[in-house]
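Below: the structure, in structure tokens.
Number of protein chains: 2
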Amino acid sequence: MKAIIPFKKEGAKSRLGDFLCEREREELAIRMLKDVLAALSKSEIEEAEIISTGSEEIMEELKSGLDSHVRWKLKLSAREDGRGLNAVLNEVLREEKEPVLIIMADIPLATPESINEIVGHEEDVVIAPGRKGGTNALFLRRPSEFAVSYYGISCLEHIETAKRRNLTHVIHDSFFIGADIDEIDDLTELLIHGRGFSAEYLRRIGVFLRVDKKSKTPAIVDR
Amino acid sequence: MKAIIPFKKEGAKSRLGDFLCEREREELAIRMLKDVLAALSKSEIEEAEIISTGSEEIMEELKSGLDSHVRWKLKLSAREDGRGLNAVLNEVLREEKEPVLIIMADIPLATPESINEIVGHEEDVVIAPGRKGGTNALFLRRPSEFAVSYYGISCLEHIETAKRRNLTHVIHDSFFIGADIDEIDDLTELLIHGRGFSAEYLRRIGVFLRVDKKSKTPAIVDR
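Heads up: the protein sequence lines correspond to chains A and B, in order. Last residue of the first sequence: 360 (this note's numbering), numbering continuous. Last residue of the second sequence: 360 (this note's numbering), numbering continuous.
Here's what the structure looks like:
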């Protein structure tokens, strides 16, 4: 079974710009991708295709950081494409004969168990929502019969598309798949639950949590 | 199997204060509790005890709004207690011989399926995390051997407590259980995914979503 991972390195994670410099944001982005690949490598997924601009450079960086187990387990490839997400993905899907999992690169807490549950559902379309109506993972048993529509409240759009095309669908309910890292507050989740490449990186560059004494809620310490 | 639901009506959801007036916040709080009770009534849970101040008044309000199916299915009771969450719960747990589910009242998107999965785990302690390290549901097979510690990063505290007391534990991975409604941004999740009492209430009082044309992200419309 194949996973497709759209990835953006240049100018990645701009909403973290008040907190991390551009180089740090790009490094965090690639490390989150590594976390996703590590989870995929421990799941039933056999192949991962990264769709990105600068794909050659990214493959080099991945090879240097991923342990051989992940590289051995996952057949990795990269497709150079600078078009918008929907245009690229829908072109790929039209030609795709086998089931495919589209999974975002910014969900470093994704677990192999949850990925296996997603691809284990019997429905034609499995939608794992992200915050604010995003679709963080989308499993398509009959990809050529579907068309993605990311941006906006995409999880509702994907439900509508499934209905309109007479495809069965199910919502996959996962906290960790749902935790996309976009804003400074999201780093809280990564530091609390993360044990992988990206959480280790944040700790190394001095990003920590502090629990506010009054509100008792954890917040990122401003460096 | 029994569920315990700590509930606070007076001064509830103060972080929504810029957006909803006190009466609206209290109404929202009680409607979210109704959503949780409705989900519990469709799950394997047979009994729900609400721990609160003003418990008699709350039972009256619940009776007027919940349909008879929920009231018939769940054995509902209320315990008047104004002490802090940890003190009350730990006193209850010490005497409890049967497995118990502690579930928060502000997770209106909780599904019966997820609740059944939680109580279906074989481990002694099942922890369903909320945002920012909270514990939104906690299932204890041997409650008298555990002690809760809410506030702060409670999900990590609960993992540590399980380890220290030689109890097996597992993290339950649920987006909808994890979506506690505390801040204005959280209302986004409720309006996108909610089909119950609380989402219906928000729509009725004119709280809507608008997708920002530039950022393509949904936000609550300021009334």
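For every residue, glycine included, the Cβ atom is placed at its ideal position computed from N, Cα and C.
Hey, is residue i's beta-carbon within less than 8 Å of any beta-carbon in chain A?
i: B/ILE290; result: yes
i: B/SER311; result: yes
i: B/THR248; result: yes
i: B/GLY270; result: yes
i: B/PRO266; result: yes
In the DSSP assignment, what residue or residues form a beta bridge with residue i?
i: A/ARG347; result: A/ALA356
i: A/ARG216; result: A/ILE188
i: B/THR272; result: B/PRO266
i: B/ILE308; result: B/ILE264
i: B/ALA140; result: B/ALA185, B/LEU238
i: A/LEU277; result: A/VAL237, A/VAL262
Report, in whole angstroms, the separation of the C-beta atoms of residue i and residue j, which I expect to be a contact under 8 Å.
i: B/HIS306; j: B/ILE296; result: 6 Å
i: A/ARG268; j: A/ASP317; result: 6 Å
i: B/ALA215; j: B/ILE182; result: Actually they are not in contact, since the Cβ atoms of B/ALA215 and B/ILE182 sit about 16 Å apart, beyond 8 Å.
i: B/VAL173; j: B/PRO245; result: 7 Å
i: B/VAL263; j: B/ILE255; result: 5 Å
i: B/VAL285; j: B/LEU346; result: Not a contact, Cβ separation roughly 35 Å.
i: B/LEU304; j: B/ASP261; result: 4 Å
Are the C-beta atoms of residue i and some chain B residue less than 8 Å apart?
i: A/LEU327; result: no
i: A/THR354; result: yes
i: A/VAL394; result: The question about residue 394 of chain A has no answer here: the residues shown for chain A are numbered 138 through 360.
i: A/LEU275; result: no
i: A/LEU213; result: no
i: A/LEU203; result: no
i: A/GLY154; result: no
i: A/GLY315; result: yes
i: A/SER251; result: yes
i: A/LEU293; result: yes
Is it true that the CB of residue j sits closer than 8 Å to the CB of residue i?
i: B/ALA247; j: B/ALA176; result: yes
i: A/PRO236; j: A/LYS179; result: no
i: B/SER281; j: B/GLU233; result: yes
i: A/SER361; j: A/GLU217; result: Not covered by the structure: residue 361 of chain A. The range shown for chain A is 138 to 360.
i: B/LEU277; j: B/LEU230; result: yes
i: A/GLY219; j: A/ALA265; result: no
i: B/PHE156; j: B/ILE321; result: yes
i: A/LYS210; j: B/GLY289; result: no
i: A/GLU163; j: A/LYS146; result: yes
i: B/GLY343; j: B/ARG360; result: yes
i: A/TYR338; j: A/LEU203; result: no
i: B/SER311; j: A/PHE312; result: yes
i: B/PHE283; j: B/ARG301; result: no
**Asked** Are the stretch 172 to 189 of chain A and the stretch 148 to 155 of chain B touching by the rule of at least three beta carbon pairs closer than 8 Å?
**Response** The stretch 172 to 189 of chain A vs the stretch 148 to 155 of chain B: no contact.
**Touch test, the stretch 315 to 334 of chain A against the stretch 169 to 186 of chain A, Cβ-Cβ under 8 Å, three pairs minimum** = Yes, the stretch 315 to 334 of chain A touches the stretch 169 to 186 of chain A.
**Asked** Does the pairing of the stretch 263 to 282 of chain B with the stretch 234 to 249 of chain B give three or more beta-carbon distances under 8 Å?
**Response** For the pair of segments examined, the stretch 263 to 282 of chain B was found to touch the stretch 234 to 249 of chain B: the number of CB pairs separated by less than 8 Å reaches three.
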